[in-house]
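Below you'll find the structure, written out as structure tokens, and then a few comments.
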Amino acid sequence: LENENTYQGKSWSLNKTDWFNDPTYFDSNGNPLYNTNWQEEATRTAASHNHQLNIQQGDEKSSTGAFLNYTDQQGIVNNTFSKRVNGKLAYDSKPLDWLSTSVNLLVNHTWGRYTPEDGGGQDARRTMIEMLPWLPIYQPDGEYTSSSSSSITDVLGFEGMSNPVAILDKQKRMRYNTQIFGNAALTFHLADGLDLKTQFGVDNHRKDYKGYSSIILNNISRPNGWAEIQHTNTFYWQEETYLTYNKTFDRHRINAMAGLSWQERTYEYDASRTEGFTDDFYEWNNMGVGRTPSSPSSSWNQWRMNSYFLRAAYSYNDRYSLTVTGRYDGSSKFGANNKYAFFPSAGLAWNVSNEDFMQDNTFISNLKLHTSYGLTGNSEIDPYSALANVTAGTYLLDGTRAPYSYLGTMSNPDLKWEKTGTYDVGVELGILQNRLNFDVSYYNRTTTDLLLGAPLPNSTGFSSVMKNIGSVRNQGVDIMVTATPVSTTDFNWNITLNGNYNKNEVLKLGDNNEDIPQNSWVGGPNSIIRVGENLNSFYGYERYGVYTIEDYEAGDATLAQVGRAKRSTTQQVLGKGMPDWTGSFINALNYKNFDLTVDLQFVYGVETMQQFFHSTYDRFGITNGLETILTDAYNGSNPNTMQQAIYLTNNGHAGQDTNVDSQWVTNGSYLRFNVIQLGYTFESSLCKRLGISALRVYANANNPWLITSKDFQGYDPEGTSLGDSNKFGQNMVFFSYPRAKSFMFGMNITL
Numbered sequence: 001l002e003n004e005n006t007y008q009g010k011s012w013s014l015n016k017t018d019w020f021n022d023p024t025y026f027d028s029n030g031n032p033l034y035n036t037n038w039q040e041e042a043t044r045t046a047a048s049h050n051h052q053l054n055i056q057q058g059d060e061k062s063s064t065g066a067f068l069n070y071t072d073q074q075g076i077v078n079n080t081f082s083k084r085v086n087g088k089l090a091y092d093s094k095p096l097d098w099l100s101t102s103v104n105l106l107v108n109h110t111w112g113r114y115t116p117e118d119g120g121g122q123d124a125r126r127t128m129i130e131m132l133p134w135l136p137i138y139q140p141d142g143e144y145t146s147s148s149s150s151s152i153t154d155v156l157g158f159e160g161m162s163n164p165v166a167i168l169d170k171q172k173r174m175r176y177n178t179q180i181f182g183n184a185a186l187t188f189h190l191a192d193g194l195d196l197k198t199q200f201g202v203d204n205h206r207k208d209y210k211g212y213s214s215i216i217l218n219n220i221s222r223p224n225g226w227a228e229i230q231h232t233n234t235f236y237w238q239e240e241t242y243l244t245y246n247k248t249f250d251r252h253r254i255n256a257m258a259g260l261s262w263q264e265r266t267y268e269y270d271a272s273r274t275e276g277f278t279d280d281f282y283e284w285n286n287m288g289v290g291r292t293p294s295s296p297s298s299s300w301n302q303w304r305m306n307s308y309f310l311r312a313a314y315s316y317n318d319r320y321s322l323t324v325t326g327r328y329d330g331s332s333k334f335g336a337n338n339k340y341a342f343f344p345s346a347g348l349a350w351n352v353s354n355e356d357f358m359q360d361n362t363f364i365s366n367l368k369l370h371t372s373y374g375l376t377g378n379s380e381i382d383p384y385s386a387l388a389n390v391t392a393g394t395y396l397l398d399g400t401r402a403p404y405s406y407l408g409t410m411s412n413p414d415l416k417w418e419k420t421g422t423y424d425v426g427v428e429l430g431i432l433q434n435r436l437n438f439d440v441s442y443y444n445r446t447t448t449d450l451l452l453g454a455p456l457p458n459s460t461g462f463s464s465v466m467k468n469i470g471s472v473r474n475q476g477v478d479i480m481v482t483a484t485p486v487s488t489t490d491f492n493w494n495i496t497l498n499g500n501y502n503k504n505e506v507l508k509l510g511d512n513n514e515d516i517p518q519n520s521w522v523g524g525p526n527s528i529i530r531v532g533e534n535l536n537s538f539y540g541y542e543r544y545g546v547y548t549i550e551d552y553e554a555g556d557a558t559l560a561q562v563g564r565a566k567r568s569t570t571q572q573v574l575g576k577g578m579p580d581w582t583g584s585f586i587n588a589l590n591y592k593n594f595d596l597t598v599d600l601q602f603v604y605g606v607e608t609m610q611q612f613f614h615s616t617y618d619r620f621g622i623t624n625g626l627e628t629i630l631t632d633a634y635n636g637s638n639p640n641t642m643q644q645a646i647y648l649t650n651n652g653h654a655g656q657d658t659n660v661d662s663q664w665v666t667n668g669s670y671l672r673f674n675v676i677q678l679g680y681t682f683e684s685s686l687c688k689r690l691g692i693s694a695l696r697v698y699a700n701a702n703n704p705w706l707i708t709s710k711d712f713q714g715y716d717p718e719g720t721s722l723g724d725s726n727k728f729g730q731n732m733v734f735f736s737y738p739r740a741k742s743f744m745f746g747m748n749i750t751l
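Residue numbers (the numbering used here): 1 to 751.
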């Protein structure tokens, strides 16, 4: 096949018989001998199973429960899995009329092998998309193929990488998590309606990670393999003591509570890594044989919190109710001047349906109005954020390691709680004997003293400092509708619709309302915090198309720009990762002994940043890419295309013209069939003959269908490449682990 294009004095050609001449992979005409579907080769249909056993017994004085669960979840990516064993013991007793006790113990252990998601590393999730299809899994000598196995990859400038099947076989990443949680409580019944309760709980969570990457893997294992081990341990304890009073006097009902609590969390971490192995024999079991050890690392932090709280509720005749609460919380995370803050709230409700004038109303079954206002606090920042932190370590100097230290962050003694004031008003309405119910609430939630890393001038020597610099407003509507369209002896149909509409807006950012860039990657920040915009706003360039030969002839582009992306000169807001609408639609049907549940989930009015377009759309010519590139790429006769021209040349990487722009951002709305379950409950007479109390069998389809916009090219528009805890990085997707479709069969047996 000969293919030549000429652009007014500039030409390039790709002759397959000249370039694709490796007889291992191509025939004499330059046609590939292989067409490997790397996604198919690196994934599988996986089986999983789950078993639960619950045993309970008790009498009027005490009750005991034992619960055991085992789960084996095999991953749909080769050689990945997750297994879990967890057990629980619960004991409640009332040994004396004035004393009640309870004890709970939970042990949870999980272990599994995984492959990294997202990020820019050449891991299997990325290479199963980018690996060249003309390469086979194995070379003729039985060794794994990499994109450096053929001379043409160097000639054409393709990026060297190991194939995903090899990575999933030869790179082992294991996680081991053990959590032990327990609590004990004593309740003293001091008088009629007056109780004093004290409870103490501990939670110890240990996480271990072990990883080894084989010496045969290209790029990701250089030099000659690596091994690493990490340990983390989080120990948390909490003590609460509170007094409660519950009493009814004629038509008056009073509920009151006063208490205090203490909490402490201690976190420990250590890690070691080495590189340079001669073979794969030891893996992580003898890291001393690695010739290039890295400096070990470790860290420790701790935070404490104590709280005082009050709650009082009054109800008259089940018609009018008033609730007032107050909390006084203190956290060690904040500055010396602002460790404590007070958070009050108050709510009113009117049960209209209990009024005398409603008693003869046969249409309205339930009518209730409610409103409230309250303050809550947020302390979700790293410990010591208010202090000046010193960074210390060692560096290599003349073959030996020398210590260093420097001031890593600035102090802020005025750092204080982030506060959110929420006002809501709503109505609950039930009609037709509560066969149709509505619960609608409007809310306005304003967060002030927003905890953010405020940018600093370079002259300070710091990039940012943690400050209370902003305010954000969320306002919207929560809607829940429940209905029973059909209710007969043999057939029942129940519907539940939940919906939330939310509008998010940044109101203020410090004294000057300065933008705060976030998540720097590929050409600058990917998101931005800006007054007047959504808190999770995507940020990049607007793509107008590509530079054409006509642009060159008109003097609007250089010859080198022809075929390249035409973008705006400045970055701008491209979309948002927070949806306008979220909700679910659940149908539950029962016909005699059969039951069917269909659970749908929807998200509307949101964008997704397809960060994988960096590799699969704008860097084509270096790695494999989207199939549409072959038809949409600029070729001189399609000036309105958005896809850059294909440059296959050893004179530099033409496909490297990549930047976050509007072409990466697409409609992230979707409709997901979350769960479809069909079950059958056997007759009690049959169960008695089998010596059991009850038996139900069921079949589940989880995530069987996902409907997205036609422009979305990934596996799932919901997710983040930056971790679920990153509130400014939602719906940014690079190469996420595919969400599986699963089909399950199970049974519930009651003895």
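Don't be surprised by glycine CBs; every beta carbon is placed ideally from N, CA and C.
Boundaries of the alpha helix (DSSP H) in which residue i is found, first to last residue
i           : result
residue 688 : 684-690
residue 169 : 164-170
residue 358 : Residue 358 -> no alpha helix (DSSP H), and no H or E assigned at all.
residue 552 : 549-553
residue 129 : 124-130
residue 616 : 613-616
residue 38  : 38-42
Delimiting residues of the beta strand (DSSP E) encompassing residue i
i           : result
residue 206 : 194-213
residue 93  : 81-96
residue 773 : Past the boundaries of the shown model lies residue 773; the chain is included only from 1 to 751, so the question cannot be answered.
residue 263 : 252-275
residue 479 : 464-487
residue 431 : 418-431
From the options, residue whose alpha carbon lies closest to that of residue i
i           : options               : result
residue 227 : 179, 697 and 284      : 284
residue 739 : 40, 77, 28 and 66     : 77
residue 534 : 553, 660, 507 and 113 : 507
residue 716 : 633, 432, 674 and 684 : 674
residue 68  : 106, 61 and 82        : 106
residue 406 : 415, 394, 417 and 707 : 394
residue 376 : 342, 354, 495 and 474 : 342
residue 632 : 660, 623 and 646      : 646
residue 219 : 178, 245 and 161      : 161
residue 97  : 60, 86 and 279        : 60
residue 435 : 732, 241 and 363      : 363
residue 583 : 88, 502 and 498       : 498
residue 49  : 749, 742, 173 and 751 : 742
residue 400 : 204, 502, 215 and 295 : 295
Residue burial classification, residue i (beta-carbon count within 10 angstroms, cutoff 16)
i           : result
residue 668 : buried
residue 57  : exposed
residue 449 : buried
residue 539 : buried
residue 142 : exposed
residue 465 : buried
residue 403 : exposed
residue 164 : buried
residue 640 : exposed
residue 123 : buried
residue 578 : buried
residue 707 : exposed
Check: residue i C-beta below 6 Å from any heavy atom of the ligand SAH
i          : result
residue 59 : This structure does not include the ligand SAH; it has no bound ligands of any sort.
Short CB-CB distance (under 7 Å) between residue i and chain C
i           : result
residue 594 : Looking for chain C here will not work: only one protein chain is present.
Own chain, CB closer than 6 Å to residue i, minus 5 neighbours either side, in chain order
i           : result
residue 566 : 544, 545, 546 and 547
residue 599 : 586, 674 and 675
residue 238 : 201 and 263
residue 505 : 473
residue 737 : 117
residue 652 : For residue 652, the predicted structure reports a pLDDT of 48, less than 50, and the residue's modelled location is therefore unreliable. The matter cannot be settled from this model.
Own chain partners of residue i with C-beta closer than 7 Å, once the 5 adjacent residues on each side are dropped
i           : result
residue 411 : 386, 387 and 388
residue 71  : 50, 83 and 84
Problem - At least 3 beta-carbon pairs within less than 8 Å: the segment 305-316 vs the segment 259-270 - result: In short, these stretches touch, since the Cβ pair count reaches three.
Problem - Touching by the beta-carbon criterion (3+ pairs, under 8 Å), the segment 510-527 and the segment 479-489 - result: Using a Cβ-Cβ distance cut-off of 8 Å, the segment 510-527 and the segment 479-489 are not in contact, since fewer than three pairs of beta carbons, one from each stretch, lie closer than that value.
Problem - Given 8 Å, three or more beta-carbon pairs between the segment 185-202 and the segment 131-150 - result: For the pair of segments examined, the segment 185-202 was found not to touch the segment 131-150: the number of CB pairs separated by less than 8 Å stays below three.
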